[in-house]
Amino acid sequence: MPTFGAHAFIWIGDWTSDSGGTAIAAAGRAGLDLIEIPLLRPERFDAALTKRQLDDAGVRAICSLGLPREVHMPINPAGARDFLRLALDQTAAIGSTFLGGVLFGHLGYLTGASPTPRERDICARTLAGVASDAKERGITLGLEPVNRYETYLYNTVGDVLDLIDAIGADNVTVHADTYHMNIEEAGFRAAIEAAGERLGCIHCSESDRGVPGQGNVHWEQTFAGLAAIGYQGPLVLESFAAVNPDLAGATCMWRTPSYSSDQLVQEGVAFLREQATAVGLA
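For the sequence shown, this note's numbering begins at 495 and goes up steadily by one.
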């Protein structure tokens, strides 16, 4: 059956040794299977401490990130690969086998034009090397399609499937996100079924990034699609009760959220479990 988790930014606004421990402990108390750890600054990440905190809480981890602006992949592919190699080392050090997110670019980096064939070719060739680095560490990559207002490179599940084909590695998957799908996809079920066995992870995020079930995401379509493909991967509640300064500009999270961390986890995860149970996934 799928595993249920939540993104650390539900509880904290930035990952440090202290705040990370707080989020991990909260995930454990909530009875979650896993927590998604943002590796936005892998050079500062204390993997040994985090591994102990995860073990103490009885929680597993997946990791995710977006590239810093200076290593936006089409303009600095060598820098991007070095950054991702460090992130892979930290992912492996905590015993995680999944690194997802916007591995191809910087959130909020826009050129005012469509991606060029050269830009996409650079991404495919660079990520092929990253996939090889990941395979050596026993890690699967997840590439997250993100809406047009946050990136110009890969916006839909179809875009990422084409990228995966161009990469040509068997350890690269789609990291879907219902918030972005609500903007970019013609339908939730069709996109999920198109991903099929290549769907490695899904962010379950409401249309306003609030509590799932209280917005405009078509959850019945979403879970019907997941059931159709026999999805067994992570179902990760992604929302932001705290606003991370590195992501505020790209995600345009200007207002203080009206919901609490406890509300997001208690109501949100319960809703996701109900939806999964209704279609026979849990």
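Idealized CB from N, CA, C, for every residue including glycine. What you are looking at is a predicted structure, and each value in this text was computed from that prediction instead of being measured.
Query	Result
So, at 8 angstroms on beta carbons, what are the nonlocal neighbours of residue 721 in its own chain, with the 5 sequence-adjacent residues on each side left out?	773, 774 and 775
As an exercise, report each continuous alpha helix (DSSP H) stretch of at least 4 residues that is fully enclosed by the stretch 522-580, in chain order.	541-551
Looking only at its own chain, which residues have a Cβ that is under 6 angstroms from the Cβ of residue 629, when we skip the five neighbours before and after it?	665
When the Cα atoms are used, what is the spatial distance from residue 669 to residue 768?	22 angstroms
Assuming residue 621 contacts residue 661 under a Cβ cut-off of 8 angstroms, what Cβ separation, rounded to an integer in Å, is found between them?	5 angstroms
For residue 674, which three-state DSSP category applies?	helix
Helix, strand or coil for residue 650 per DSSP?	coil
Out of curiosity, what's the CA-to-CA distance linking residue 690 and residue 572?	31 angstroms
Grab me the residues of residue 575's own chain with a C-beta within less than 8 angstroms of its C-beta, minus the 5 sequence neighbours each way, in chain order.	620, 623, 624 and 627
Measuring CB atoms only, is the stretch 590-602 touching the stretch 512-521, in the sense that at least three cross pairs come out at less than 8 angstroms?	no
Hey, how far is the Cα of residue 685 from the Cα of residue 644?	20 angstroms
To the nearest angstrom, how far is it from the Cα of residue 706 to the Cα of residue 631?	34 angstroms
Can you give the Cα-Cα distance for residue 503 and residue 659, rounded to whole angstroms?	32 angstroms
Among the residues of its own chain, which have a CB less than 6 angstroms from the CB of residue 524, if the five just before and after it don't count?	759
On the criterion of 16 or more Cβ atoms from any shown chain inside 10 Å, does residue 762 qualify as buried, or is it exposed?	buried
Please say whether residue 672 and residue 698 have beta carbons closer to each other than 7 angstroms?	yes
Does DSSP put residue 620 in a helix, a strand or coil?	helix
Going by DSSP, what residue range makes up the beta strand (DSSP E) through residue 716?	Per DSSP, residue 716 belongs to no beta strand (DSSP E); it is in the alpha helix (DSSP H), 713-722.
If you measure between the beta carbons of residue 526 and residue 556, is that distance less than 7 angstroms?	no
Could you give the distance in angstroms between the alpha-carbon of residue 680 and the alpha-carbon of residue 725?	21 angstroms
Please state the DSSP three-state secondary structure of residue 636.	strand
Whole angstroms are fine: how far does the CA of residue 580 sit from the CA of residue 559?	12 angstroms
If we ignore side chains and look at the alpha-carbon of each, how far apart do residue 730 and residue 496 end up?	10 angstroms
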